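Protein chains: 2
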Amino acid sequence: MPIVGVIGGGQLARMMQPAAINLGITLRVFAEDEKSSAHLGAYRVGDYLNLAALKEFCVGLDALTFDHEHVPASLLEALESAGIAVRPGSKALIHAQNKLTMRRKLAELGLPMPAWMAATSAADVEQFIANHGPEIVVKTPIGGYDGKGVRVISSVTEVADWLADIHDYGSELLLEQKVDFVGECAQLSARTPSGEFKTWPLVRTIQRHGVCSEVIAPFGSPAQRVAAEKLAKTISEGLGVVGVLAVELFETASGELLINELAMRPHNSGHFSIEGSKTSQFEQHLRAVLDLPLGATELVDQAAVMINLLGVDDSNSFVEHYPEAMALAPEAKFHLYEKTPRKGRKMGHITLVGPDSAELLKQGQAAREVLYRGSKEAK
Amino acid sequence: MPIVGVIGGGQLARMMQPAAINLGITLRVFAEDEKSSAHLGAYRVGDYLNLAALKEFCVGLDALTFDHEHVPASLLEALESAGIAVRPGSKALIHAQNKLTMRRKLAELGLPMPAWMAATSAADVEQFIANHGPEIVVKTPIGGYDGKGVRVISSVTEVADWLADIHDYGSELLLEQKVDFVGECAQLSARTPSGEFKTWPLVRTIQRHGVCSEVIAPFGSPAQRVAAEKLAKTISEGLGVVGVLAVELFETASGELLINELAMRPHNSGHFSIEGSKTSQFEQHLRAVLDLPLGATELVDQAAVMINLLGVDDSNSFVEHYPEAMALAPEAKFHLYEKTPRKGRKMGHITLVGPDSAELLKQGQAAREVLYRGSKEAK
Chain A
1 MPIVGVIGGG
11 QLARMMQPAA
21 INLGITLRVF
31 AEDEKSSAHL
41 GAYRVGDYLN
51 LAALKEFCVG
61 LDALTFDHEH
71 VPASLLEALE
81 SAGIAVRPGS
91 KALIHAQNKL
101 TMRRKLAELG
111 LPMPAWMAAT
121 SAADVEQFIA
131 NHGPEIVVKT
141 PIGGYDGKGV
151 RVISSVTEVA
161 DWLADIHDYG
171 SELLLEQKVD
181 FVGECAQLSA
191 RTPSGEFKTW
201 PLVRTIQRHG
211 VCSEVIAPFG
221 SPAQRVAAEK
231 LAKTISEGLG
241 VVGVLAVELF
251 ETASGELLIN
261 ELAMRPHNSG
271 HFSIEGSKTS
281 QFEQHLRAVL
291 DLPLGATELV
301 DQAAVMINLL
311 GVDDSNSFVE
321 HYPEAMALAP
331 EAKFHLYEKT
341 PRKGRKMGHI
351 TLVGPDSAEL
361 LKQGQAAREV
371 LYRGSKEAK
Chain B
1001 MPIVGVIGGG
1011 QLARMMQPAA
1021 INLGITLRVF
1031 AEDEKSSAHL
1041 GAYRVGDYLN
1051 LAALKEFCVG
1061 LDALTFDHEH
1071 VPASLLEALE
1081 SAGIAVRPGS
1091 KALIHAQNKL
1101 TMRRKLAELG
1111 LPMPAWMAAT
1121 SAADVEQFIA
1131 NHGPEIVVKT
1141 PIGGYDGKGV
1151 RVISSVTEVA
1161 DWLADIHDYG
1171 SELLLEQKVD
1181 FVGECAQLSA
1191 RTPSGEFKTW
1201 PLVRTIQRHG
1211 VCSEVIAPFG
1221 SPAQRVAAEK
1231 LAKTISEGLG
1241 VVGVLAVELF
1251 ETASGELLIN
1261 ELAMRPHNSG
1271 HFSIEGSKTS
1281 QFEQHLRAVL
1291 DLPLGATELV
1301 DQAAVMINLL
1311 GVDDSNSFVE
1321 HYPEAMALAP
1331 EAKFHLYEKT
1341 PRKGRKMGHI
1351 TLVGPDSAEL
1361 LKQGQAAREV
1371 LYRGSKEAK
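Following this line, the structure appears as structure tokens:
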């Protein structure tokens, strides 16, 4: 059976492993350290900035894919030149690595998104505040995730440090209109090198403190669903995406969907699919990067809800209250990532599948409350 | 998180791994050789007849469980004396290891089963043929599985070799009435050390050449379902079972269910539960042996069908036709066990979940036909 290598040993690589075991695919993980979340199966520790180590890791792989977007494009190009099937390829992945490159490409494709501009100076920032303020969003084009590298500002002084170090960020900052959204949602899809393309149902994503807290599937009016699927297809094809693509969207008061962020890998907004869909995002990603036919993506019931378990302090790994939470919610599927507890860190998640999303959300939140109980700084 | 050790590295141990990864449970496998099906994660190769090796393997485990029933009771008792949480325990497991011990216990519990007797001589066999023939079933009490250790005979000469070596089989053979059944079915359940007990829906099992070929869930009239659940509960409690219990049943022309075999571990008749039930038998087994609360066992849709992939020759590992089968059946979940191909060997399975079992069976069989195609001795 084919062999897939994954750069990065986080929970996304971890959750590819059950899908690989089921399909009989061999997964090899290239991780940061020995105690990464994806420490199961064939596992190597190494530095993803070291081309020689990467090349050695790629020997015998049928496809190379990723748990994160941090491998520099120059290294990806070098691997591609060496004949390695890098999926998604460097030409696609650059759009997930660099938010300015992404905005420029999406503009070229004529897709709906917040007003934006590339800033190289304090004057640019002041101009953008004048046009779109009082508050605007400033992002470092590379390296941000889960709210990092993002600031909401009303004065240029609030990004004085970024402007001073602007060369570290590729000499440009991304300025974005602060969208007055009524909610956020995400469109997940997958595409193969042969061009097969499938979407999952549009989902509502609920963020707290810039981090995904809950996901509710399905979401949206028929028109919104059609629009989101079309967006995903245009992006996937326009950028040459291979594997899973997550498009994070703002929903405006008028119901319009504006593109917030892109990720070209399994994504937190798609964890519901492990039990909620016929084919999970992790299985689909493996199928896609190997150019196997894609699986069906329909929900297995009317609704699915995913509840993130975020670290509440540096000691609660949720294990203590696990039996109590399981007893409370026998229908809930519990996922723990075996990560060292840290406040705000994604430690695991709970999924519930059933006919009524409001009821599922209530059950999942109740189970989470039990897991959080007794922690030093319970939320 | 807790650590579970599994003796045996077959596909049952393999399929425990995804459930363990999801729950954050660590699974350690003690396998026959380096190329066992469950070669993923923490893995040790050793001889399960070697007590010292077993004891060493058990260091740090929260529970020890099994992929097969072949560890002798004396070794299990020695491990229990050393304080290891052997689950199911030796006192329960002996009934799955020795078919005569099982028959005696089930008789004591007053449960319905074929007429049977323990034979120690040719005269016993002749007597039983006279009473229940022309054909009867003879079984070696220990060591049989998938049709091995079972013969249908009409003359004592057909088991002359077993009678000659009867001391190798504990000095007794099991004789059973050859039930004129209209079909077979299986009742899966799980029980925790604390006594929590849950069943999955009764399933129809279709055997070919003594090996499970297809499983259809759910099966049976309301009365049959109630009867089967009651049987499973009586057996589970009466024998002190911990973990998954599979009760294989004959269905007679009058609709009565007679106990054929027992297995105290995840079982081929329960593979449908991976995608077909809220909680799979593999997850439930891990929960049960750790005395965690059991998960919900309802089907996620109206029906689920499991199609075994049996080796058709010594070379077809199904990989060649995998893409074609996946394209044909995008709703099918494919499972390959990474075992060396051998005619008749369980190499993998396909599961389909949906509203109509007849349709699912058709789809699954069509996908299997594609995988079998081109093999030297296609079935």
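Residue numbers (my numbering), protein chains in the order written: chain A, 1 to 379; chain B, 1001 to 1379.
Think of the CB as a built atom: it goes at the ideal place given N, C-alpha and C, for glycine as much as any other residue.
Quick caveat: nothing in here was measured; it's all calculated off a predicted structure.
### Task
With a cut-off of 8 Å on the beta carbons, I'd call Trp-200 of chain A and Gly-243 of chain A a contact; round off their distance for me.
Going by Cβ atoms, the distance from Trp-200 of chain A to Gly-243 of chain A rounds to 14 Å, so no, they are not a contact pair.
### Task
Could I get the ranges of all uninterrupted beta strand (DSSP E) runs contained in the region 213 to 292 of chain A, with 3 residues as the minimum, in chain order?
Listed in chain order, they are 243 to 252, 257 to 263.
#### Entry: C-alpha gap between Pro-341 of chain A and Thr-1026 of chain B, whole angstroms
17 Å
### Message
Assuming Ser-189 of chain A is part of the beta strand (DSSP E), what are its boundary residues?
### Response
Unbroken beta strand (DSSP E) run through Ser-189 of chain A: 181 to 191.
### Message
Residues of chain A with CB closer than 8 Å to the CB of Glu-1337 of chain B, please, in chain order.
### Response
Before going on, a small fix: residue 1337 of chain B reads as Tyr here, not Glu. The answer, in chain order, is Gly-24.
### Under 9 Å between C-beta atoms of Leu-1464 of chain B and Leu-1239 of chain B
Here chain B comprises residues numbered 1001 to 1379, so residue 1464 of chain B is not present and cannot be evaluated.
### Task
Mind listing, in chain order, the continuous alpha helix (DSSP H) runs of no fewer than 4 residues lying wholly within the region 1309 to 1365 of chain B?
Taking only runs of at least 4 residues, the alpha helix (DSSP H) segments lying wholly in the region 1309 to 1365 of chain B are 1322 to 1328.
### Message
Report the CB separation of Ala-31 of chain A from Ala-38 of chain A in whole angstroms; it is logged as a contact under 8 Å.
### Response
About 6 Å separates the two Cβ atoms, so the contact holds.
### Task
Give every residue of the same chain whose Cβ lies closer than 6 Å to the Cβ of Pro-1193 of chain B, excluding the five residues on either side of it in the sequence, and list them in chain order.
Val-1242, Asp-1291
### Task
Specify whether the region 1096 to 1103 of chain B and the region 1126 to 1144 of chain B touch according to this definition: at least 3 beta carbon pairs, one from each stretch, less than 8 Å apart.
yes
### Message
Does the CB of Leu-1292 of chain B have a neighbour CB from chain A at under 9 Å?
### Response
With 9 Å as the cut-off, Leu-1292 of chain B counts as an interface residue toward chain A.
### Query
Hey, quick one: how far does the beta strand (DSSP E) through Leu-1176 of chain B stretch, first residue to last?
Strictly speaking, residue 1176 of chain B in this sequence is Glu, with Leu absent from that position. Taken as a continuous stretch (DSSP letters only), the beta strand (DSSP E) holding Glu-1176 of chain B covers 1173 to 1177.
### Task
On a CA-only basis, which of B:Ala-1053, B:Ser-1036, B:Ala-1063, B:Lys-1035 is nearest Val-996 of chain B? Give me that one, please.
A question about residue 996 of chain B goes unanswered here, because the residues of chain B that appear run from 1001 up to 1379.
### Message
In this structure, how does DSSP classify Thr-205 of chain A when only helix, strand and coil are distinguished?
### Response
strand
### Query
For the region 3 to 31 of chain A, which residues have a beta carbon sitting closer than 7 Å to at least one beta carbon of chain B?
Arg-14, Gln-17, Pro-18, Ile-21, Asn-22, Leu-23, Gly-24
### Message
For a cutoff of 9 Å on Cβ pairs, would you count Leu-1040 of chain B as touching chain A?
### Response
yes
### Query
How about the region 157 to 176 of chain A and the region 116 to 131 of chain A: do they share at least three Cβ pairs that are nearer than 8 Å?
yes
### Query
Which residues of chain A have a Cβ atom closer than 8 Å to the Cβ of Val-1203 of chain B, listed in chain order?
Those do not exist, as Val-1203 of chain B stays about 19 Å from chain A at its closest Cβ, beyond 8 Å.
### Query
Going by Cα to Cα distance, which pick from B:Val-1086, B:Leu-1075, B:Gly-1046 is closest to Gly-1060 of chain B?
B:Val-1086
### chain B within 9 Å of Arg-287 of chain A, Cβ atoms only
yes
### Task
Examine the Cβ distances between the region 337 to 357 of chain A and the region 261 to 278 of chain A and report whether three or more of them are shorter than 8 Å.
yes
### Task
Mind the definition here: the region 204 to 222 of chain A touches the region 315 to 326 of chain A only if three or more C-beta pairs lie below 8 Å; say whether that holds.
no
### Message
So, at 6 Å on beta carbons, what are the nonlocal neighbours of Gly-354 of chain A in its own chain, with the 5 sequence-adjacent residues on each side left out?
### Response
Asp-301, Leu-360
### Message
Using CA atoms only, rank isn't needed, just tell me which of A:Leu-51, A:Tyr-337, A:Arg-28 is closest to Leu-75 of chain A.
### Response
A:Leu-51
### Query
Nearest to Arg-1151 of chain B by CA position, among B:Leu-1175, B:Phe-1318, B:Arg-1204, is which residue?
B:Leu-1175
#### Entry: Assigned exposure category for Gly-1336 of chain B - 16 Cβ within 10 Å defines buried
Looking at the sequence provided, one finds Leu at residue 1336 of chain B rather than Gly. Result: buried.
### Query
What residues from chain A crowd round Val-1353 of chain B, counting only those whose CB sits closer than 9 Å?
Lys-278, Val-300
### Message
With a threshold of 9 Å between beta-carbons, can Phe-1334 of chain B be considered close to chain A, or not?
### Response
yes
### Message
Between Pro-974 of chain B and chain A, is any beta-carbon pair separated by less than 9 Å?
### Response
Given that chain B is displayed from residue 1001 to residue 1379, the structure contains no residue 974 of chain B and the question cannot be resolved.
### Query
What is the residue span of the beta strand (DSSP E) that Ile-153 of chain A lies within?
150 to 153
### Message
Run through chain A and tell me which residues come within less than 7 Å of Val-1319 of chain B, C-beta to C-beta.
### Response
Neighbours of Val-1319 of chain B in chain A, taken as residues whose beta carbon is under 7 Å from its own, are Met-1 in chain order.
### Query
Between B:Glu-1077, B:Ile-1084, B:Gly-1089, which lies nearest to Arg-1265 of chain B when the distance is taken from Cα to Cα?
B:Gly-1089
### Message
Counting only C-beta atoms, is Glu-331 of chain A closer than 9 Å to chain B at any point?
### Response
yes
### Query
Just reading off the beta strand (DSSP E) that Leu-1027 of chain B is part of, what are its end residues?
Membership of Leu-1027 of chain B in the beta strand (DSSP E) is indicated by the continuous run 1026 to 1031.
### Residue ranges of each beta strand (DSSP E) within the region 75 to 155 of chain A, 3 or longer
116 to 119, 136 to 139, 150 to 153
### Task
Starting from Met-1306 of chain B, find everything on chain A with Cβ-Cβ shorter than 8 Å and list it in chain order.
Those do not exist, as Met-1306 of chain B stays about 13 Å from chain A at its closest Cβ, beyond 8 Å.
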